[in-house]
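Be aware that the sequence shown starts at 709, since it is given in my numbering, and climbs by one per residue. Just so you know, even glycine gets a beta-carbon here, dropped at the ideal spot from N, CA and C. In this text, all values refer to a predicted model and were calculated from it rather than measured experimentally. Below you'll find the structure, written out as structure tokens, and then a few comments.
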Amino acid sequence: MASSPLKKFTLFGSPIKHSLSPWLHQQLAQACGLSIDYTLSETPKGHLAAALAQFRAAGGIGANVTLPLKEEAYALCTYCDPHALAAKAVNTLWWNKAQQLCGSNTDGIGWRQDLNRHGFSLIQKNWLILGAGGAVAGILPQLLQTQPKQIWLLNRTLTRAQALAQRFPHPKMAVIAANTLATQTPPAWDWIINATSASLQQALPEPTFPSAWLQDARVYDMVYDLSQLTPFLIWAQQYGAQSVQDGLGMLIEQAAAAFELWHQKKAPTQTIHQQFLAKRP
Ligand code: NDP
Numbered sequence: 709m710a711s712s713p714l715k716k717f718t719l720f721g722s723p724i725k726h727s728l729s730p731w732l733h734q735q736l737a738q739a740c741g742l743s744i745d746y747t748l749s750e751t752p753k754g755h756l757a758a759a760l761a762q763f764r765a766a767g768g769i770g771a772n773v774t775l776p777l778k779e780e781a782y783a784l785c786t787y788c789d790p791h792a793l794a795a796k797a798v799n800t801l802w803w804n805k806a807q808q809l810c811g812s813n814t815d816g817i818g819w820r821q822d823l824n825r826h827g828f829s830l831i832q833k834n835w836l837i838l839g840a841g842g843a844v845a846g847i848l849p850q851l852l853q854t855q856p857k858q859i860w861l862l863n864r865t866l867t868r869a870q871a872l873a874q875r876f877p878h879p880k881m882a883v884i885a886a887n888t889l890a891t892q893t894p895p896a897w898d899w900i901i902n903a904t905s906a907s908l909q910q911a912l913p914e915p916t917f918p919s920a921w922l923q924d925a926r927v928y929d930m931v932y933d934l935s936q937l938t939p940f941l942i943w944a945q946q947y948g949a950q951s952v953q954d955g956l957g958m959l960i961e962q963a964a965a966a967f968e969l970w971h972q973k974k975a976p977t978q979t980i981h982q983q984f985l986a987k988r989p
């Protein structure tokens, strides 16, 4: 009897050659008894529509989307779920029975799930968020559900943070201008989230805030490095952070949420987290 062809999935973005997504999805599929083909599709900005058409014509079922294409993917979708609509960015694509392109954004869910799995209470906390790009847009809807005491948004480009705050109006959210940092009196931060891509450049995000703000905070960097802590997390450790955590868990959990959308099966991530824990320094 002829075996049915493998269901095809891919990741669009650039650069993606070091992405863990194919491995993660293969692990989840194996654990669920599924066989899939998950490839990497290096795609520059402006070329997603053509790449998607080619992928669909070759039998593609679903795709992930990463930098710099999440907004482009959002614009191409006929249907967006509430997560994608809130973020105005899409990281997971599939086609429905009517052949319409559908999109979701699993970054926020993945991030919250990663914090939840450590058993941290997220309710009524003080949050300092660095960055104002797609990743912050992805997590803000989740964050605003946690009855935050205060959220401060700090970004290199002030206008970008202001635009985000306008998109997600909330009485407890404030945008901080870099030139007022020295005179600010912040609350004791429960959480400091680095959602900039500065760690990819092995740098601390600019502008940096006073290191005293790190004392006793839980510090999270969305960037991950399998072999070492990011510069931001090293800095946080030096200045008394209560805990430091990078974005590997978020990556695993956002992949799991995409997997569940495509396969309608619960994605068992526990073993994957344990595998990485065993390997990491
Ligand atoms: P964007 O390109 O949309 O935004 C990048 C952000 O980083 C902007 O706020 C930008 O500031 C800021 N930035 C870049 N370089 C510096 C620097 N040297 N100093 C200070 N700020 C800087 O990217 P995303 O928001 O989509 O992603 C942000 C990071 O989060 C990426 O590194 C990405 O890999 C990571 N990420 C991780 C995920 C995971 O699963 N672990 C999921 C999603 C994202 P400005 O506005 O001034 O340009």
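Taking the straight line between their C-alpha atoms, what separation do you get for residue i and residue j?
| i | j | result |
| --- | --- | --- |
| Q982 | T867 | 41 angstroms |
| A845 | G818 | 13 angstroms |
| W803 | K725 | 25 angstroms |
| T977 | F984 | 11 angstroms |
| L872 | L809 | 26 angstroms |
| W860 | W970 | 35 angstroms |
| S905 | V931 | 7 angstroms |
| Q923 | S722 | 36 angstroms |
| F967 | A975 | 7 angstroms |
| A965 | A737 | 13 angstroms |
| T920 | V883 | Strictly speaking, residue 920 in this sequence is Ala, with Thr absent from that position. If you take the alpha carbons of A920 and V883, they lie about 20 angstroms apart. |
| L793 | L959 | 21 angstroms |
| A999 | Q909 | Any question about residue 999 goes unanswered here, given that the chain covers just 709 to 989. |
| L836 | V952 | 14 angstroms |
| A785 | L775 | What sits at residue 785 in the sequence shown is Cys, not Ala. Cα to Cα, C785 sits roughly 17 angstroms from L775. |
| Q832 | E961 | 23 angstroms |
Compute the distance between the beta-carbons of residue i and residue j, then report whether it is under 8 angstroms.
| i | j | result |
| --- | --- | --- |
| E780 | K753 | yes |
| S749 | F717 | no |
| R825 | G957 | yes |
| L830 | T854 | yes |
| L1025 | R988 | Residue coverage of the chain in this structure runs from 709 to 989, which leaves residue 1025 outside it and unanswerable. |
| W943 | A925 | no |
| A886 | L732 | no |
| I744 | Q735 | no |
| S729 | N772 | yes |
| G770 | L801 | yes |
| A797 | A840 | no |
| T979 | A739 | yes |
| P913 | L838 | yes |
Counting only beta-carbon separations shorter than 8 angstroms, does residue i have a partner in chain B?
| i | result |
| --- | --- |
| C740 | Among the chains in the structure shown there is no chain B, since it carries only a single protein chain. |
With hydrogens ignored, establish whether the beta-carbon of residue i is closer than 7 angstroms to any heavy atom of the ligand NDP.
| i | result |
| --- | --- |
| Y782 | no |
| T814 | no |
| A906 | yes |
| Y928 | no |
| A843 | yes |
| V773 | no |
| Y932 | yes |
| R868 | yes |
| E750 | no |
| A840 | yes |
| R825 | no |
| M881 | no |
| E914 | yes |
| L728 | no |
| R820 | no |
| G955 | yes |
Note down, in chain order, each residue of its chain lying with its Cβ closer than 6 angstroms to the Cβ of residue i, except the 5 sequence neighbours on either side.
| i | result |
| --- | --- |
| A795 | N813, A845 and G846 |
| C788 | G811 |
| L852 | H878 |
| A949 | L922, A925 and V927 |
Residues in its own chain within less than 7 angstroms of residue i by CB, not counting five upstream and five downstream?
| i | result |
| --- | --- |
| D929 | N902, S907, T938, F940, L941, D954 and G955 |
| A759 | F720, S749 and T751 |
| L777 | F720, G721, T751, K753 and L756 |
| M881 | I859, L861 and A873 |
| N834 | K857, Q858, P895, A896, W897 and D898 |
Near residue i, what residues of its chain come up, given a Cβ to Cβ distance below 8 angstroms and the 5 sequence neighbours on each side ignored?
| i | result |
| --- | --- |
| P713 | G767 |
| Q850 | G816, I817, W819 and R820 |
| P915 | L862, R864, A886 and L889 |
Tell me whether residue i counts as near the ligand SAH, meaning its Cβ is closer than 7 angstroms to at least one heavy atom of that ligand.
| i | result |
| --- | --- |
| Q910 | For the ligand SAH, the structure offers nothing, since it holds only the ligand NDP. |
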